[in-house]
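Asks: The sequence shown runs 0 to 472 under numbering that gives the first Met the number 0. One structure coming up, written as structure tokens, with questions to follow.
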Amino acid sequence: MVNTIKQICCIGAGYVGGPTMSVIALKCPHLKVTVVDINKERIEAWNSDCLPIYEPGLDEIVKKVRNKNLFFSTDIDSAIYNSEVIFISVNTPTKTEGIGAGMAADLKYVELCARTIASVSKTNKIVVEKSTLPVKTAQTLKNIFDNNSLKGISFEVISNPEFLAEGTAVEDLLNSDRVLIGGEETESGNKAIQTVASIYRNWIPEERIVTTNLWSAELSKLVANAFLAQRISSINSISSLCEVTGANINEVANTIGMDNRIGNKFLKSSVGFGGSCFQKDIFNLVYICNHYNLKEVAEYWLQVIKINDYQKNRFAENIIKSLYNTVSGKKISFFGWAFKKDTNDSRETAAIYVCDKLLKDGAEINIYEPKIKKDQIHNDLTFLWNLRGEKSNKIKSWLKNVVIHDNCYSSVVNSHAVAVLTDWDEFLDYDWNKIYNSMQKPSFVFDGRNFLNKKELNKIGFKLYSIGSLKTF
Ligand code: NAD
Ligand code: UGA
0 MVNTIKQICC IGAGYVGGPT MSVIALKCPH LKVTVVDINK ERIEAWNSDC LPIYEPGLDE
60 IVKKVRNKNL FFSTDIDSAI YNSEVIFISV NTPTKTEGIG AGMAADLKYV ELCARTIASV
120 SKTNKIVVEK STLPVKTAQT LKNIFDNNSL KGISFEVISN PEFLAEGTAV EDLLNSDRVL
180 IGGEETESGN KAIQTVASIY RNWIPEERIV TTNLWSAELS KLVANAFLAQ RISSINSISS
240 LCEVTGANIN EVANTIGMDN RIGNKFLKSS VGFGGSCFQK DIFNLVYICN HYNLKEVAEY
300 WLQVIKINDY QKNRFAENII KSLYNTVSGK KISFFGWAFK KDTNDSRETA AIYVCDKLLK
360 DGAEINIYEP KIKKDQIHND LTFLWNLRGE KSNKIKSWLK NVVIHDNCYS SVVNSHAVAV
420 LTDWDEFLDY DWNKIYNSMQ KPSFVFDGRN FLNKKELNKI GFKLYSIGSL KTF
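Okay, structure coming up:
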């Protein structure tokens with residue numbers, strides 16, 4: 000039932016393609032694994048000592064297998080031509096223009112991959128959707144293959160969505176809760192499912208390999224992300240109720256999480272979820288529901304995003320209100336920019352939106368972030384402003400008020416407030432007395448991750464706001 004395979008490739012050397020293929024190469028020494036990308040700099044970085052993405056444990060794995068059975072290359076055609084199984088792991092962002100702008104997934108990169116695969120292939124291929132895609136995308140891929148390939152060559156499309164989270168990608172891949180493989184309910188479809196499963200069987204226990212039909216696999220990925228994001232929005236919505244009643248969100252989350260039926264994961268209230276996927280995947284789900292005229296269902300899921308926007312906005316407004324209704328000319332220090340700890344990814348990080356709001360109220364933002372460079376921070380803000388059609392002279396003047404530091408202590412000199420945007424562990428170990436002494440008085444701390452030591456900060460003299468508890472001022 001299983002095709003014996005020797006070579007696989009992955010199109011897209013990003014946060015998913017890179018780590019996923021590194022772990023496959025590590026666990027399947029009998030396979031030659033090639034990761035290809037159109038982005039030359041990214042491939043060069045994968046082949047260097049400074050990998051393009053930061054993930055704990057990844058450097059060690061790449062060092063072990065690179066140029067043995069793991070290769071990074073820009074030669075996309077050769078990789079496709081030589082591989083029996085081709086993973087597509089390219090980006091699928093929200094469309095920014097045209098039909099469905101702001102909602103639908105932009106599938107142009109996926110379609111391009113399919114057309115390249117169709118034109119280059121001279122032998123049968125299994126094409127695996129690793130990117131997160133709208134349900135029914137496999138049908139589009141099949142149409143492209145059917146209409147563009149050499150006669151007599153067959154293409155099986157498999158959906159094998161990825162569930163890793165950034166910051167824990169290596170652990171998630173080595174010890175996955177489940178591997179989902181969806182395919183057509185035909186003999187050849189089943190054989191393709193088993194062939195893909197045979198890769199994972201090298202380290203994933205059989206009971207964790209779930210096989211389904213194509214549409215269930217595609218949809219399950221969107222739904223998994225929607226459910227996770229929904230939990231965060233649920234707890235965040237309650238955090239605002241805690242702040243006006245004196246209930247404490249950590250105590251509430253802990254209590255409800257002890258119920259086995261609810262569980263304790265993904266109940267950490269925060270300044271709002273970020274990352275490249277939750278928002279985009281929910282928008283995608285909402286768009287699909289509207290497409291099928293399921294208005295109430297669409298509206299239900301849209302609320303998850305609305306609460307997230309509310310949470311980001313309310314955090315920024317709270318800073319402005321607390322600093323006597325204006326931050327004009329005031330210095331605010333940001334600890335962290337990444338959308339969560341242990342990653343150098345800042346796509347859709349809440350920090351962008353908080354920063355935007357404070358800059359527009361006239362603040363000077365001083366940022367210390369352990370893993371993200373100045374250019375990326377500027378690009379994140381500029382991308383948002385361009386999307387909103389802001390004028391270039393405005394953009395220039397706002398960017399002048401964004402100052403990047405290489406350590407936290409220089410970022411707080413004469414600062415009116417510290418805002419914690421990312422849950423980096425190192426923030427817990429800082430000398431908060433030293434920070435207090437170099438700041439303006441009163442010195443405010445806005446803990447957007449609700450994780451600093453409240454007692455210690457209050458004792459030092461900070462005026463502390465922590466999401467989901469009463470302010471100490
Ligand atoms: P990414 O932007 O980091 O990487 C995508 C890569 O694809 C880029 O390097 C880009 O240059 C390359 N690419 C685009 N078009 C190409 C083409 N035609 N040929 C060759 N290369 C091409 O994106 P990512 O974060 O790795 O996400 C990829 C997909 O996986 C998305 O659909 C995402 O929703 C999904 N996903 C992401 C995560 C995550 O944690 N980032 C987790 C699970 C699933
Ligand atoms: C998420 C999912 O967890 C993965 O399973 C999925 O594969 C991935 O999206 C994807 O499809 O891209 P990721 O976005 O990397 O992974 O990271 P998460 O740990 O889910 O965190 C997302 C955001 O929610 C972060 O900003 C994080 O700080 C925030 N968060 C998370 C909270 O505010 N509270 C929580 O309790 C958990």
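Think of the CB as a built atom: it goes at the ideal place given N, C-alpha and C, for glycine as much as any other residue.
Under 7 Å from any heavy atom of the ligand NAD, does the C-beta of N473 make it?
Replies: Look at the range of the chain in this structure, 0 to 472, and you will see that residue 473 is not part of it.
Asks: Going straight from the alpha carbon of I231 to that of I237, what length do you get?
Replies: Distance between the alpha carbons of I231 and I237 is about 10 Å.
Asks: Given a threshold of 16 other Cβ atoms within 10 Å of its Cβ, counted over all protein chains shown, does R346 qualify as buried or as exposed?
Replies: With 16 or more Cβ atoms within 10 Å of its Cβ, R346 is classed as buried.
Asks: From the DSSP secondary-structure annotation, give me the bridge partner or partners of D176.
Replies: Bridge partners of D176: none, in fact.
Asks: Taking three-plus beta-carbon pairs below 8 Å as touching, is the segment 179 to 191 in contact with the segment 205 to 225?
Replies: Enough Cβ pairs lie closer than 8 Å, so yes.
Asks: What are the start and end residues of the beta strand (DSSP E) that includes N212?
Replies: Looking at the DSSP string, the run of the beta strand (DSSP E) that includes N212 is I208 to N212.
Asks: Helix, strand or coil for T185, going by three-state DSSP, please let me know.
Replies: Coil at T185, not helix or strand.
Asks: With S88 and S130 assumed to form a contact (beta carbons below 8 Å), what rounded beta-carbon distance in angstroms separates them?
Replies: Sure, about 6 Å apart at Cβ, within 8 Å.
Asks: With hydrogens ignored, establish whether the beta-carbon of I79 is closer than 7 Å to any heavy atom of the ligand UGA.
Replies: I79 Cβ: outside cutoff for every heavy atom of the ligand UGA.
Asks: Examine the ligand NAD and report whether any of its heavy atoms sits within less than 7 Å of the Cβ of G11.
Replies: Yes, the beta carbon of G11 sits closer than 7 Å to at least one heavy atom of the ligand NAD.
Asks: Specify the secondary structure class of T421 as computed by DSSP and reduced to three states.
Replies: Residue state, collapsed to three classes: coil.
Asks: Closer than 7 Å by C-beta to L140: which residues in its own chain qualify, once you throw out the five before and the five after it? Chain order, please.
Replies: These residues qualify, in order along the chain: A113, V126 and V156.
Asks: Does Y291 pass the burial test, meaning 16 or more other C-beta atoms within 10 Å, or should it be called exposed?
Replies: Classification for Y291: exposed.
Asks: State the Cα-Cα distance for the pair A78 and C8, rounded to the nearest angstrom.
Replies: Straight-line Cα distance between these residues: approximately 6 Å.
Asks: Pull the bridge partners of V195 from the DSSP assignment, please.
Replies: None; V195 has no bridge partner.
Asks: Does K339 get closer than 8 Å to chain C when you measure Cβ to Cβ?
Replies: Going by chain labels, chain C is absent from the structure shown, which holds only one protein chain.
Asks: Take the Cβ of R387 as the centre, count every other Cβ of all protein chains shown within 10 Å, and call the residue buried at 16 or more, exposed below.
Replies: So R387 ends up on the exposed side.
Asks: Are the beta-carbon atoms of L463 and K453 separated by less than 8 Å?
Replies: It is a contact, given that the beta carbons lie within the stated cut-off.
Asks: Nearest CA to the CA of F461: which residue from N90, S442 and R448?
Replies: When each option's Cα is compared against that of F461, the closest is S442.
Asks: Between I4 and V84, is the Cβ-Cβ spacing less than 8 Å?
Replies: In this structure, V84 lies closer than 8 Å to I4 by Cβ.
Asks: Whose C-beta lies closer than 7 Å to the C-beta of F265 among residues of the same chain, with five residues either side of it excluded?
Replies: The answer, listed in chain order, is L227, R230 and I231.
Asks: Just to confirm, are F333 and I304 a CB contact at a threshold of 8 Å?
Replies: No, these two residues do not count as a Cβ contact at 8 Å.
Asks: Run the proximity test for T131: is its beta-carbon closer than 7 Å to any non-hydrogen atom belonging to the ligand PLP?
Replies: For the ligand PLP, the structure offers nothing, since it holds only the ligand NAD and the ligand UGA.
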